[in-house]
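S.K.:
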Amino acid sequence: MEFNVKDYGALGDGISNDTQAFIAASAALSAHGGGVLRIPQGVYVVGEQTLAGQLGLGYAYRSTDIISIVNCQQPVVIEGNHAVLRAAPGLRYGSFDPVSGEPYAPAVMPFIDPDYAAGAYRMLVLANNRHVLVRDLELDGASDTLILGGGWGDLGRQLNAYGVYALNNDTLQVENVHTHHHGLDGILVSQVGTTAQSPRTPATLIRVRSEYNGRQGLSWTGGNGLTAIDCQFNHTGRGALSSSPAAGIDIEAEDGVVRNGLFINCEVINNVGPGMGADSGDSADITFQRCTFIGSTNYPLWPRKPRLHFLDCTIAGQLVNVYAEQTPGDGNATRFTGCRFTDQLNWNGQVHLYPGWYLLDLGGGSQGVMFDRCSMDTQHGPLIYTAGEITLRDCRLTQTTSHESTFSACYVGYNLAFSPPGAFTTGMARVLGQLLVNGEEAPQYVGIQRKQCLQGNNGGAYAVRQSIAYAYSPEAAVGAGQANRGDIVYNPYAAPGGYAGWICVEAGSPGIWKPFGPIAL
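Using this note's numbering, you'd call the opening residue of the sequence shown number -10 and step up by one each time.
1) Using the Cβ count rule (16 or more neighbours within 10 Å means buried), how would you classify threonine 225?
2) Looking only at DSSP bridge pairs, what is phenylalanine 252 linked to?
3) Do you know how far the Cα of glycine 203 is from the Cα of phenylalanine 396?
4) What would DSSP say about lysine -5, mapped onto helix, strand or coil?
5) Going by DSSP in three states, glutamate 378 sits in which element: helix, strand or coil?
6) For valine -6, does the count of other Cβ atoms within 10 angstroms reach 16, so buried, or fall short, so exposed?
7) Quick check on serine 5: buried or exposed, where buried means 16 or more other Cβ atoms within 10 Å of its Cβ?
8) On the DSSP bridge list, what partners appear for valine 527?
9) Taking DSSP's pairing of strands, which residues face glutamate 495 in a bridge?
10) Among Pro29, Asp244, Trp502, which residue has its Cα nearest to the Cα of glycine 69?
11) Taking the C-alpha atoms as reference points, what is the distance between isoleucine 101 and proline 78?
12) Since aspartate 104 and glycine 45 should fall inside the 8 Å C-beta cutoff, what is the C-beta to C-beta distance between them, to a whole number of angstroms?
13) Check tyrosine 451 in the structure and name its three-state DSSP category.
14) From which residue to which residue does the alpha helix (DSSP H) around valine 467 run?
15) Could you give the DSSP three-state label for leucine 351: helix, strand or coil?
16) If we count the other Cβ atoms within 10 Å of its Cβ and call it buried at 16 or more, is phenylalanine 360 buried or exposed?
17) Could you give the DSSP three-state label for alanine 509: helix, strand or coil?
18) State the Cα-Cα distance for the pair asparagine 223 and isoleucine 55, rounded to the nearest angstrom.
19) Got a sec? Which residues, its chain only, sit under 6 Å from arginine 227 by beta carbon, not counting five neighbours each side?
20) DSSP state of serine 231, grouped into three classes?
21) Suppose contacts are defined by Cβ-Cβ distances below 9 Å. Is glycine 138 in contact with phenylalanine 85 by that definition?
22) With DSSP as the reference, please indicate the residues paired to valine 358 in a beta bridge.
23) Roughly how many whole angstroms lie between the Cα atoms of isoleucine 492 and glutamate 378?
24) Can you list, in chain order, the residues of its chain whose CB lies under 6 Å from that of alanine 229, leaving out five sequence neighbours each side?
25) Sort Gln315, Trp209, Ala107, Pro481 by Cα distance to valine 153 and report the nearest one.
26) Does the Cβ of lysine 294 have 16 or more other Cβ atoms within 10 Å, making it buried, or fewer, making it exposed?
27) If I measure Cβ to Cβ from threonine 184 and keep anything under 8 Å in the same chain, skipping five residues before and after, which residues do I get?
28) Would a C-beta distance cut-off of 9 Å place alanine 72 and glycine 130 closer than the cut-off?
29) Excluding the 5 residues preceding and the 5 following aspartate 301 in the sequence, name in chain order all residues of the same chain whose CB lies nearer than 8 Å to its CB.
30) The beta strand (DSSP E) with serine 269 in it runs from where to where?
31) How about tyrosine 488 and glycine 506: do their beta carbons lie closer than 9 Å?
32) Taking buried to mean at least 16 other C-beta atoms within 10 Å of its own C-beta, is histidine 21 buried or exposed?
33) Assuming glycine 370 and glycine 345 make a contact with CB atoms under 8 Å, what is their CB distance in whole Å?
34) Alpha carbon to alpha carbon, how far is glycine 1 from leucine 135?
35) Going by Cα to Cα distance, which pick from Asn260, Tyr347, Leu349 is closest to asparagine 513?
36) DSSP three-state label for serine 285, please.
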């Protein structure tokens, strides 16, 4: 069944306030359990508020949800037909005196007294539905026309001013939607109570442009399965107001765990806060493929959650706070494959990397972080700072400044480094493959306890595994393993009066060893 907002009194003339028509049409669709909400092309002014006029009501100004689709078991389609929903001018937002209606400035923050709260609107509320499709719609928060009160919440103004608010929908698809200049988030997606074992409830965003919003382009606060394709999450906090964290994408598992995200060919550019932030709650297993992150005045990425993978991405500005493995080889560390890290891309001449800063500042922990077929180029400072050994495979590193760049890395495959003389050092390098620094090959690492294992014939029916190792003692070479008779350990610290090495004469852990090759004084 179809519900046309014009049948409920909407004019779409860009002047009349059509709030009540949208409320009535969406209520009728919800009561029917599903259907098509049709919004003919036009500009619809929406948003109404009521002043409390007294204390104790739990609000200073009560806002109104514009389109509210809830509890539908049949499919829901919102056909936007390229219409525009625009917030009415003069809506209050922030802290206000509930009696006089005047802006109120809290003495301290956080401030969460509900009697002083003035939320502006939620343009599109989708909650507890089976299947929802929204397409071809513009949601304009017109934040430059808001009347701002004081702060409310922890930082900034954390009150209702959403473009899309989607909660507990089994499947959701938002396509060709431009959601912008909202006081809070362009779009919020969440599933309350999700666990790591919960079935997927896929949310799909296709060609969504979420920009110039106050707090987030996208807030993902719970759910298993979100895909964003050809989307833009840009310029958060660059409109009329900004509230922390002011990120392009904020992955913050507040309502349930966050799992299985996929972002393909998305832009995350010029946000006041981090471009993409993942730093709280139980979030994991998210892939970004062919995405562009440009931090103009803040970090392009803050990926401090397990199993985040960046594939063929461009990252401009300083990278910080990756996720290190917690136990050796646990597979949880951040991975970068085919990515470019640079300070040569910018937004309006700005990139978040000051002279002398590391391009990759991984001092918050970097053990096990993987860079595979990546390139790194900086003209502002040194390349990398580490707190734990990273792995570089088939990478190209270019530094034009003379700042010394020394970091802990294991090189595998074929790696190239270019820098002014003496700027790139290999004192903390383990070269298992090849590393060429300005055309000269760095020495390959040979671990002091690396073993050469052979199959020995002792005259019995079965071959015996024989080992040849280099270590300062037989015990150091064997460790927790097993030694076989005939194993040899050569002494890398041979000195006059000592021995060239030891040979195992009785198998065991560590077994019985005898020295050989006395060295003359």
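We put the CB at the ideal spot given by N, CA and C, even for glycine. Note that the structure is a prediction, hence the values are computed from the model and not measured.
M.R.: According to the structure shown:
1) buried
2) Ala217, Phe277
3) 38 Å
4) helix
5) coil
6) buried
7) exposed
8) Summary: the structure shown does not reach residue 527, with the chain confined to residues -10 through 510, and so no result is reported for it.
9) Ile501
10) Pro29
11) Between the alpha carbons of isoleucine 101 and proline 78 lies a gap of roughly 25 Å.
12) 7 Å
13) Because the pLDDT at tyrosine 451 is just 48, under 50, the model does not fix this residue reliably, and the value given afterwards should be weighed accordingly. Tyrosine 451 falls in the coil class under three-state DSSP.
14) 463 to 467
15) strand
16) buried
17) coil
18) Roughly 25 Å separates the two Cα atoms.
19) Correct list, in chain order: Tyr201.
20) coil
21) yes
22) Partner(s): none; valine 358 has no beta bridge.
23) 34 Å
24) Ser132, Asp133
25) Trp209
26) buried
27) Gly245, Val246
28) no
29) Gln278, Arg279, Thr326, Gly327, Cys328
30) 265 to 269
31) yes
32) exposed
33) 5 Å
34) 21 Å
35) In the structure as shown, the chain starts at -10 and stops at 510, and residue 513 therefore has no counterpart that could be examined.
36) Here serine 285 sits in coil by DSSP.
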